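A.B. asks:
Numbering (my numbering), first residue to last: 154 to 394.
Structure representation (structure tokens):
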């Protein structure tokens, strides 16, 4: 089946960065922000555990946000109505300033523009363990916005996370496409290349490659961001007509 749709990972792919140091730095800033009012160490540990609950969730009727909030409320000592405005303020006032932890380059904007010029539908398939605001800010760091894509996955709307194949199946359902019509472009062997188990083509971006070792998945094509741009613009490899 002809490829019509490209799903782009964000962290480490369109947004050039090392994910683990970024997450550690971001949580350190969050801890510093809430530390004067709350027990930051306990809160950050609870955030990690609630994130793990999202990743493990298999209930299709609960969004990732609902899973996170339920776990946080059940195991934490803080009132959601008191704490969530603090989180919202952090994402509004502090998170946008964390771009110095990443290495944004012009490639992302060029690649997305070329994909659209070639007639592909485009979506951002970023792991939806972050609130909408955090994901939209990261898009802004590469001079892109949600309206540049048909879909951007966020934890308020998604019901699964990577590396669960159900996450990719949900994207296909939302876009009204078959997995065989899609190419998943990402830098993570386990979280992105698992899309191939649904029948999607895969392109592994090597600039900020992440590979935990197991499991390994077949990769249809791999290369740098520059090589990804060339493959899209020349319609070669998984992007061939």
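All residues carry an ideal CB built from backbone N, CA and C; glycine is no exception. Predicted, not measured: the structure shown is a model, and the values here were computed from it.
Do you know whose CA, among 181, 378, 341, 392, lies nearest residue 367's CA?
C.D. replies: 341
A.B. asks: Can you grab the Cα-Cα spacing for the pair residue 358 / residue 378, in whole Å?
C.D. replies: 6 Å
A.B. asks: Where does residue 213 land, buried or exposed, given buried means 16+ other C-beta within 10 angstroms?
C.D. replies: exposed
A.B. asks: Count the other C-beta atoms from every protein chain shown that fall within 10 angstroms of the C-beta of residue 154, then say buried if there are 16 or more, exposed otherwise.
C.D. replies: exposed
A.B. asks: Go to residue 159, then tell me how far its alpha helix (DSSP H) extends in each direction, as first and last residue.
C.D. replies: It is not in any alpha helix (DSSP H) - residue 159 instead sits in the beta strand (DSSP E) that spans 158-161.
A.B. asks: So the candidates are 338, 241, 258, 361; which of them puts its Cα closest to the Cα of residue 354?
C.D. replies: 338
A.B. asks: With DSSP run on the structure shown, which of helix, strand or coil describes residue 337?
C.D. replies: strand
A.B. asks: Under 8 Å between the Cβ atoms of residue 168 and residue 291?
C.D. replies: yes
A.B. asks: Looking at residue 351 and residue 321, is the spacing between their C-beta atoms short of 8 Å?
C.D. replies: With contacts defined as CB atoms closer than 8 Å, residue 321 and residue 351 qualify as a contacting pair.
A.B. asks: Find out if the Cβ-Cβ distance for the pair residue 156, residue 335 is shorter than 8 Å.
C.D. replies: Yes.
A.B. asks: What residue ranges within the segment 242-325 form continuous alpha helix (DSSP H) runs of no fewer than 4 residues, ordered along the chain?
C.D. replies: 260-270, 285-294
A.B. asks: Just verifying my parser: in three-state terms, what is the DSSP assignment at residue 345?
C.D. replies: Looking at residue 345 - three-state DSSP - the assignment turns out to be coil, as it is neither helix nor strand.
A.B. asks: Candidates 237, 375, 297: which alpha carbon is nearest residue 266's?
C.D. replies: 297
A.B. asks: DSSP three-state call for residue 202: helix, strand or coil?
C.D. replies: Secondary structure of residue 202 (DSSP, three-state): helix.
A.B. asks: Quick test of the definition: if touching needs 3 or more C-beta pairs under 8 Å, does the segment 252-267 touch the segment 218-229?
C.D. replies: no
A.B. asks: So, helix, strand or coil for residue 164, using DSSP?
C.D. replies: If DSSP states are grouped into helix, strand and coil, residue 164 belongs with the strands.
A.B. asks: Would residue 388 pass as a contact of residue 271 if the rule is Cβ separation under 8 Å?
C.D. replies: Yes.
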